[in-house]
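Let me begin by presenting the structure, written as structure tokens, before commenting on it.
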Amino acid sequence: MQRVAIIGGGISGLSAGYYLKKLNPLISVDMFEGNKIGGWIQTTQKDGFVMENGPRSFRHSSKIIPLLDIINDVGIVDKVLCADTQSSQAQIRTKGQFIDLMPSGRMKMLKVLWSFPIYRRMILSNIFRKPKSEEVAGPDYDLSLKDFIENFFYFSKEEDKDFIINTLIDSFAQGIYSGDISKLSSRFCYPFSEIFKKKLKLQNDTKNSVNNIKSISEQVLKLLEQAKVKNSNCMNFIGGMAVLPNAIHNHLISQKNFKLISESVQSIELKNNKPLLNTESGSYEYDHVISTVPAKSLKKIIGDTIPEIGQICDKIPHNSLKNISLGFDNINIKGVGYLIPSKEQKFISGVLFDSCSFTYLRKTVTLMGHLTSPTDKMTKDFINVVECVEALPQYHVKHHLLVEEVKKLSPSWLSVSGQSFYLSGIPNCVIRSQDLISKLYHDKVLKNP
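Here it is as structure tokens:
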């Protein structure tokens, strides 16, 4: 019987375990997690309030089917909630005023052309023109988000260019990556990557597993129809996002030959050409290892055995985030919340109204901001204060080449996954795990039953 180790119990590790057991129920799988199951998916319930410490929802898009299949299979499809708001309803707070980020509802393109003069000018300025840049886009080619917009789009006014880049694009990137648009990769960072590849006529670097789905269960179809009727594009659970990793974990521990080892892996060495995982209490031998931990943790584990991978891990920075959640008996708020461009930020980068999106919640407002260092501590007088140290990987220009290099350097017994290397976001993590496990079985690295 083959033995597989999964390092990390976040959504990437949990979904990898799910697919390992789904494709071969007889395979032996051990998961190592020295902290909490779920990774950064953590929900706090206090005084009747439900507050998210990490991802607040998952987006309803074409990528969602594999995730919904798991949700249905582990028995929590009836706990899924479709939001009463759309992410496009988020606003930007700039120069003391609130402005709409994008129109919401149906016929968005017509609304853009009719109601948003600055977008209308940009669309009309670019629709009949060839790209400003004529550079050849080879496999190494990449640009920062800022450089991409500047080099490939026309602007009829300088103030339009400044608004689109330094207010709109910057705020959008802050909301997703909390990063610097002069460093973030336009080739890698979704959804900008879709525009980048279309402009440069590039093929997608990875296949989309959604295209391989042959059938959808009746329960999932009902959920999709519910989201369509509500015109909702994000979802959560009754009880918060932690319902998801907890349900997958409970599903896995009910499977034969699956074990959760509540320890962190300290190092990996080779013994008789097989990986030996060392923890504080002992050593464990496996046929294959799947790492889903952050780059910094992977370097500590693998650095002595494969130092070249450790050196690549050093090139992937992570930003830290702070969340302060406030609870109210009653407050007059609506919409998703608002983002603040980095040029105008002091301590807060965005404000979120989760209780407007999911109306069963008690009224909450969450403030987000950069945590500049682990010593940047905050008062505990609020309902919920969370410091997410090095939680957000920064996909800088040419990040995709670092990923390719890790693939080349990884021996046959090692697969590297997780959001430090691949796209963050719960549906993306699930798709990555599905692709990875399918390939391991297809390439006969792992044996089918």
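Position in the sequence shown (from 1) plus 49 gives the number in my numbering. Ideal placement from N, C-alpha and C gives every residue a C-beta, glycine not left out.
{"Check": "I486 versus D363 - alpha carbon distance", "Outcome": "26 Å"}
{"Check": "E267 - DSSP class collapsed to helix/strand/coil", "Outcome": "helix"}
{"Check": "Cβ pair I90, L293 closer than 8 Å", "Outcome": "yes"}
{"Check": "Option in S482, H448, P498 and T93 with minimal Cα separation from K232", "Outcome": "H448"}
{"Check": "Status (buried if at least 16 other CB within 10 Å, exposed otherwise) for G376", "Outcome": "buried"}
{"Check": "Other residues of its chain near G245: CB distance less than 8 Å, five sequence neighbours each side excluded", "Outcome": "It is Phe, not Gly, that sits at residue 245 in the sequence shown. Excluding positions up to five away in sequence, the list reads L192, F197, S235, R236 and L251."}
{"Check": "Beta-carbon proximity list for N322, same chain, < 6 Å, skipping 5 on both sides", "Outcome": "none"}
{"Check": "CB of Q51 within 8 Å of CB of L495, strictly", "Outcome": "yes"}
{"Check": "Cα-Cα separation between P366 and I225, rounded to whole angstroms", "Outcome": "16 Å"}
{"Check": "Alpha carbon of K371 to alpha carbon of G103, nearest angstrom", "Outcome": "10 Å"}
{"Check": "Alpha helix (DSSP H) runs wholly inside the segment 338-375, at least 4 long, in chain order", "Outcome": "344-351 and 356-362"}
{"Check": "Residue closest to E357, alpha-carbon to alpha-carbon, out of M171, V452 and K412", "Outcome": "V452"}
{"Check": "Cβ-based neighbour list, S316, same chain, cut-off 7 Å, excluding 5 preceding and 5 following", "Outcome": "N327, I350 and D353"}
{"Check": "L416, DSSP secondary structure in three states", "Outcome": "strand"}
{"Check": "Uninterrupted alpha helix (DSSP H) stretches inside the segment 387-414 (no shorter than 4 residues)", "Outcome": "403-406"}
{"Check": "T413 burial status per 10 Å Cβ neighbour count (16 or more: buried)", "Outcome": "buried"}
{"Check": "Cutoff 6 Å; reference L463; Cβ partners in own chain excluding five residues on either side", "Outcome": "V338"}
{"Check": "Backbone CA spacing between I56 and A344 [nearest angstrom]", "Outcome": "12 Å"}
{"Check": "Spatial distance of L249 from E329 (CA atoms)", "Outcome": "50 Å"}
{"Check": "Alpha carbon of N121 to alpha carbon of V269, nearest angstrom", "Outcome": "7 Å"}
{"Check": "Cβ pair T415, I373 closer than 8 Å", "Outcome": "yes"}
{"Check": "Backbone CA spacing between S311 and G58 [nearest angstrom]", "Outcome": "10 Å"}
{"Check": "Same chain, Cβ closer than 6 Å to S313, five either side skipped, listed in chain order", "Outcome": "G83"}
{"Check": "Among C405, Q394 and K71, the one whose alpha carbon lies nearest that of I380", "Outcome": "C405"}
{"Check": "A222: first and last residue of the uninterrupted alpha helix (DSSP H) it sits in", "Outcome": "D219 to I225"}
{"Check": "Secondary structure of M151, DSSP reduced to three states", "Outcome": "coil"}
{"Check": "Rounded separation between Y68 and S482 - CA only", "Outcome": "7 Å"}
{"Check": "Outcome for R169 when other beta-carbon atoms lying within 10 angstroms are tallied against a minimum of 16", "Outcome": "exposed"}
{"Check": "CA nearest to the CA of G384, picked from S369, E393, I397 and T408", "Outcome": "T408"}
{"Check": "Of the listed residues A54, G87, D189 and N477, nearest to S77 (C-alpha basis)", "Outcome": "A54"}
{"Check": "Distance CB(M417)-CB(L401) smaller than 8 Å", "Outcome": "yes"}
{"Check": "Whole-angstrom distance between T92 and I176, CA atom to CA atom", "Outcome": "44 Å"}
{"Check": "Supposed contact pair N285 and L130 - C-beta distance, whole angstroms, cut 8 Å", "Outcome": "5 Å"}
{"Check": "Residues bridged to I334 [DSSP beta-bridge criterion]", "Outcome": "In the sequence as presented, Ile is not what sits at residue 334; that position holds Glu. Answer is L325, bridged to E334."}
{"Check": "Residues of its chain near P390, where Cβ-Cβ distance is below 8 Å and the 5 sequence neighbours each way are ignored", "Outcome": "I141, T143, N215, T216, D219, S220 and Q223"}
{"Check": "Cβ pair F204, I213 closer than 8 Å", "Outcome": "yes"}
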